[in-house]
Amino acid sequence: MLLHRFAAAGAAIQYQIMHQMNAEEVLAHDVAPRGDDPEWIEELPADITENLIMTLYYGHFMCNVFHQDYIFKKGTETEVVKTVMEQRLEAKGAKLPAEHNISHIFKAEPALREFYLELDPTHIFNPGIGKRRKHGYSTRSTPLAKDPKNFG
28 MLLHRFAAAG
38 AAIQYQIMHQ
48 MNAEEVLAHD
58 VAPRGDDPEW
68 IEELPADITE
78 NLIMTLYYGH
88 FMCNVFHQDY
98 IFKKGTETEV
108 VKTVMEQRLE
118 AKGAKLPAEH
128 NISHIFKAEP
138 ALREFYLELD
148 PTHIFNPGIG
158 KRRKHGYSTR
168 STPLAKDPKN
178 FG
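Written as structure tokens, this is what we have:
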């Protein structure tokens with residue numbers, strides 16, 4: 028495991044740039060394993076590792092957040108691989124994302140969705156964050172707002 032996070036993150040990106048003819052974009056996760064999980068670095072199955080060029084694991088000392096960067100061979104369906112990897116991590120009780128918030132990539136858990144709704148009931152400040160709707164006006168006082176499916 029690499030300990031200097033900024034050097035390691037830059038290394039993955041630079042490697043991919045230098046090998047872009049043979050490598051897909053960096054597939055990155057920031058993960059918080061369960062506190063009692065002794066297996067901080069997962070054992071990936073052969074159907075994933077067969078297309079894997081490089082892995083870089085690095086993290087924050089003593090805070091249980093790990094960055095996992097993967098570089099796959101050109102032509103690998105990285106979105107499919109990413110989904111499989113995320114399902115494996117979530118099945119172990121890990122939290123994704125662990126540090127860099129959910130952005131537009133991850134669905135916010137119910138408590139976080141409620142928090143965003145309280146802060147931004149009209150989706151003006153961060154439309155689409157947490158896989159919420161990107162467009163449209165809604166507040167708790169409208170029938171539209173009372174239906175939870177309208178906030179996803």
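For the sequence shown, position 90 (counting from the first letter as 1) is numbered 117 according to our numbering, and the numbering increases by one without interruption.
Don't be surprised by glycine CBs; every beta carbon is placed ideally from N, CA and C.
Quick caveat, the model's predicted, so the values are computed rather than measured.
Alpha carbon of residue i to alpha carbon of residue j, nearest angstrom
| i | j | result |
| --- | --- | --- |
| E66 | G120 | 12 Å |
| D64 | N91 | 10 Å |
| Y42 | A55 | 14 Å |
| E101 | N153 | Residue identity differs from the one stated: residue 101 is Lys in this sequence, not Glu. Rounded to the nearest angstrom, the two C-alpha atoms are 34 Å apart. |
| A138 | E145 | 11 Å |
| P170 | P148 | Legend: pLDDT at P170 = 48, less than 50; position of this residue unreliable, no value from coordinates given. |
| E70 | Q114 | 14 Å |
| G155 | E136 | 14 Å |
| H46 | M89 | 33 Å |
Sheet register partners of residue i (DSSP bridge)
| i | result |
| --- | --- |
| I98 | M81 |
| K122 | A59 |
| V107 | Looking at the DSSP assignment, V107 forms no beta bridge with any residue, so it has no partner. |
Exposure label - residue i; buried when at least 16 CB within 10 Å
| i | result |
| --- | --- |
| G157 | buried |
| D96 | buried |
| P60 | buried |
| M28 | Only weak support exists for where M28 lies, its pLDDT of 49 falling under 50; the value from the coordinates is given anyway. M28 is exposed by the Cβ-count criterion. |
| V108 | buried |
| S168 | For S168, the predicted structure reports a pLDDT of 46, less than 50, and the residue's modelled location is therefore unreliable. A value from the coordinates is still provided. Exposed is the call here. |
Anticipated Cβ contact below 8 Å, residue i with residue j, distance rounded
| i | j | result |
| --- | --- | --- |
| V53 | L116 | That belief does not hold up - the Cβ atoms of V53 and L116 are roughly 17 Å apart, past 8 Å. |
| E51 | F99 | 5 Å |
| I75 | V111 | 7 Å |
| A39 | L83 | 5 Å |
| H150 | R159 | 6 Å |
| Y85 | A35 | 4 Å |
Which complete beta strand (DSSP E) runs does the region 37-67 hold, if anything under 3 residues is left out? 54-58
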